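**Q** In order, the protein sequence lines correspond to chains A and B. UniProt numbering applies: residue 1 is where the first sequence begins, and numbers increase by one. UniProt numbering applies: residue 1 is where the second sequence begins, and numbers increase by one.
There are 2 protein chains.
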Amino acid sequence: MSSQSQIASAKTRQRRTKPAEVRIDELMNAAQTLFLEKGVEATTISEIIASVGVAKGTFYHYFESKQHIIEALKKRYIDYFIEALDQAVAQCDPEDWVSQFKVWVSANIQTYLDSYPVHDIVFGVHHHERKNNEKNMVVEQLLGILTGGEQAGIWRLEQPHLTALLIYCGVHGVADEAIANQLKDISDFSEHIAQQYLNMLRAE
Amino acid sequence: MSSQSQIASAKTRQRRTKPAEVRIDELMNAAQTLFLEKGVEATTISEIIASVGVAKGTFYHYFESKQHIIEALKKRYIDYFIEALDQAVAQCDPEDWVSQFKVWVSANIQTYLDSYPVHDIVFGVHHHERKNNEKNMVVEQLLGILTGGEQAGIWRLEQPHLTALLIYCGVHGVADEAIANQLKDISDFSEHIAQQYLNMLRAE
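Here it is in structure tokens:
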């Protein structure tokens, strides 16, 4: 056995011992990188497994299809998005609902600007689906802040879910505009938007 | 010549004399009907021309491709949408900006609910494009009302375009929710939404 094939064989053994979650991560990262570079359509499963250095059977052990790995990337993207906003909001005084709201708006816009290429891959053509999980989860997160502010007597909500949805959709839409205009510093932009919604919330 | 072929030949002559705009309309209507029935992907140009009863050359005289006829349908849909809102708003007292705004919101939601299957065909996978003409035209229309109300001293606008975009995106988003929930009567729904935006607009 040559030293090269010994190394290869050691690598193979090493790879085989990797836990499932590590292997799944490697496949998802490789797929996401290729999707970003070449587009989803142009990327083949063969390229994904070549990039990780595993056999086709390994891919199919974890994912049924390219669509299935996109679904996994979508779930991961949503978790990342929600987590980024949660962390930003967690920096605020837990009693200061106005700050929490403002930070939620700016973190939403900033996180979207930072990550829209992945957003566009995982949502792609299905983004306009009228029911989607991402929307619901982010609306629920916002609803937590709106409800907190209401209980603290800062604003009143007649139809909290509808208000949260109005705000979610408006923020997502103007963030698209910010991306289209290649806005670099979002601070004034998001401050102005948050202020307008605060006016909406506070008015009797 | 048989009587049948005389009729056919008369029909052909008759068809040839149709003005271009009538022929274009026939082709667009046939395409839209087939797209609604079978989906865009599954519809062929052969089916469109068969439905109108013209030769392939006639189709290609007016449209380069299926994509080209979709673009024409999109332009027609946008014109229809803008016109529907214009007509609704034109029923209001031209000095009553609050009514104009409320009517714009409810006509927007109602027109979208009435026509979303066509909307989904003509925008389809490209809906999430960050710059699109429909958005700009409807935002401009709304901006006319917002500017009118500002000049009348009813509200103040720091960044009119951004405010119009926030409202446009919010209304479009909640209308998607109304479609998903198969809402039949939008009157309370759109009244509540318009009121929230009026609160936003009127707050100092």
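Just so you know, even glycine gets a beta-carbon here, dropped at the ideal spot from N, CA and C. Note that the structure is a prediction, hence the values are computed from the model and not measured.
State yes or no: is the C-beta of residue 79(B) nearer than 7 Å to some heavy atom of the ligand NAP?
**A** What this structure holds is no ligand at all, so the ligand NAP is not there to describe.
**Q** Enumerate in chain order the residues of its own chain whose CB-to-CB distance from residue 32(B) is below 6 Å, with the five nearest sequence positions on each side excluded.
**A** On the second sequence, position 32 is the one that residue 32(B) refers to. If we look at residue 32(B) and ignore the five residues flanking it on each side, its Cβ neighbours are 73.
**Q** Check the C-beta distance from residue 84(A) over to residue 111(A) and give it rounded, since I have them as a contact under 8 Å.
**A** On the first sequence, position 84 is the one that residue 84(A) refers to. On the first sequence, position 111 is the one that residue 111(A) refers to. So it is a contact: roughly 4 Å between Cβ atoms.
**Q** Does any C-beta atom of chain A lie closer than 8 Å to the C-beta of residue 110(B)?
**A** Within the second sequence, residue 110(B) is the residue found at index 110, counting from 1. Chain A, which has no Cβ nearer than 8 Å to the Cβ of residue 110(B), makes this no.
**Q** Excluding sequence positions up to five away, which residues of its chain have a Cβ less than 7 Å from the Cβ of residue 8(B)?
**A** To locate residue 8(B), count along the second sequence from 1; it is residue 8. Only weak support exists for where residue 8(B) lies, its pLDDT of 49 falling under 50; the value from the coordinates is given anyway. Taken in chain order, the list of residues that qualify is empty.
**Q** By Cβ distance, which residues of its chain are closer than 7 Å to residue 142(B), with the 5 residues on each side in sequence left out?
**A** For the purposes of this step, residue 142(B) is identified with residue 142 of the second sequence, where counting begins at 1. Around residue 142(B): 104, 164, 167 and 168.
**Q** Which residues, in chain order, does the stretch 152 to 170 of chain B contribute to contact with chain A at a C-beta distance below 8 Å?
**A** Cβ contacts with chain A: 158, 159, 162, 163, 165, 166, 167, 168, 169 and 170.
**Q** Nearest to residue 58(A) by CA position, among 19(A), 88(A), 78(A) and 81(A), is which residue?
**A** As a working note, residue 58(A) is residue 58 in the first sequence. Checking every option, the nearest Cα to that of residue 58(A) belongs to 19(A).
**Q** From the beta carbon of residue 67(A), is the nearest beta carbon of chain B less than 8 Å away?
**A** On the first sequence, residue 67(A) is found 67 positions in, with the first residue counted as 1. Answer no: the Cβ-Cβ gap between residue 67(A) and chain B never drops below 8 Å.
**Q** Compare the C-beta of residue 61(B) against all C-beta atoms of chain A and say whether one is closer than 8 Å.
**A** Here residue 61(B) refers to the residue found at position 61 when the second sequence is read from its first residue. No - not a single Cβ of chain A is within 8 Å of the one on residue 61(B).
**Q** Can you have a look at residue 30(B) and say buried or exposed, based on whether 16 or more other CB atoms are within 10 angstroms of its CB?
**A** Within the second sequence, residue 30(B) is the residue found at index 30, counting from 1. That one is buried.
**Q** Let me know the alpha helix (DSSP H) ranges lying completely inside the stretch 99 to 186 of chain A, each 4 residues or longer, listed in chain order.
**A** You should have 133 to 151 and 160 to 180.
**Q** Is there a Cβ of chain A sitting closer than 8 Å to that of residue 5(B), yes or no?
**A** Mapped onto the second sequence, residue 5(B) falls at position 5. Note that residue 5(B) has pLDDT 48, beneath the 50 cutoff, so the model's placement of it is unreliable and no number is given.
**Q** How many Å lie between residue 186(A) and residue 55(A) at the Cα?
**A** Residue mapping note: residue 186(A) aligns to position 186 of the first sequence, counting from 1. Residue mapping note: residue 55(A) aligns to position 55 of the first sequence, counting from 1. Using only the alpha carbons, I get a separation of about 45 Å.
**Q** Looking at C-alpha atoms only, which residue of 157(B), 39(B), 190(B) and 184(B) is the closest neighbour of residue 196(A)?
**A** Translated into positions along the first sequence, residue 196(A) becomes position 196. Nearest of 157(B), 39(B), 190(B) and 184(B) to residue 196(A), Cα basis: 157(B).
**Q** Rounded to whole angstroms, what is the Cα-Cα separation between residue 71(B) and residue 60(B)?
**A** The count along the second sequence starts at 1 and reaches residue 71(B) at position 71. The count along the second sequence starts at 1 and reaches residue 60(B) at position 60. The alpha-carbon atoms of residue 71(B) and residue 60(B) are separated by roughly 15 Å.
**Q** At least one CB of chain A closer than 8 Å to the CB of residue 136(B): is that the case?
**A** Looking up residue 136(B) in the second sequence gives position 136. Judged by the 8 Å Cβ criterion, residue 136(B) is not in contact with chain A.
**Q** Would you mind telling me which residues of chain A sit closer than 7 Å to residue 174(B), beta carbon to beta carbon, in chain order?
**A** Numbered from 1 along the second sequence, position 174 holds the residue referred to as residue 174(B). Residues of chain A passing the Cβ test: 162, 165, 166 and 169.
**Q** Does residue 22(B) come out as helix, strand or coil in the three-state DSSP assignment?
**A** Within the second sequence, the letter at position 22 stands for residue 22(B). In the structure shown, residue 22(B) sits in a helix (DSSP, three-state: H, G or I).
**Q** Identify the continuous alpha helix (DSSP H) that holds residue 88(A) and give its terminal residues.
**A** For the purposes of this step, residue 88(A) is taken as residue 88 along the first sequence, with counting starting at 1. Its alpha helix (DSSP H) spans residues 66 to 90.
**Q** Quick one: residues in its chain with C-beta nearer than 8 Å to the C-beta of residue 178(A), no 5 flanking neighbours on either side, listed in chain order?
**A** Counted from its first residue, the first sequence places residue 178(A) at position 178. Closer than 8 Å at the Cβ level, and outside the excluded window around residue 178(A), lie 109, 113, 186 and 189.
**Q** Can you give me the C-alpha to C-alpha distance between residue 48(A) and residue 194(A), rounded to a whole angstrom?
**A** By 1-based counting over the first sequence, the position of residue 48(A) is 48. By 1-based counting over the first sequence, the position of residue 194(A) is 194. Going from the Cα of residue 48(A) to the Cα of residue 194(A) covers about 42 Å.
**Q** Leaving out the 5 sequence neighbours to the left and right, which residues in its chain are closer than 6 Å to residue 88(B) when beta-carbon positions are compared?
**A** Within the second sequence, the letter at position 88 stands for residue 88(B). So the list reads 103 and 107, once near-sequence residues are dropped.
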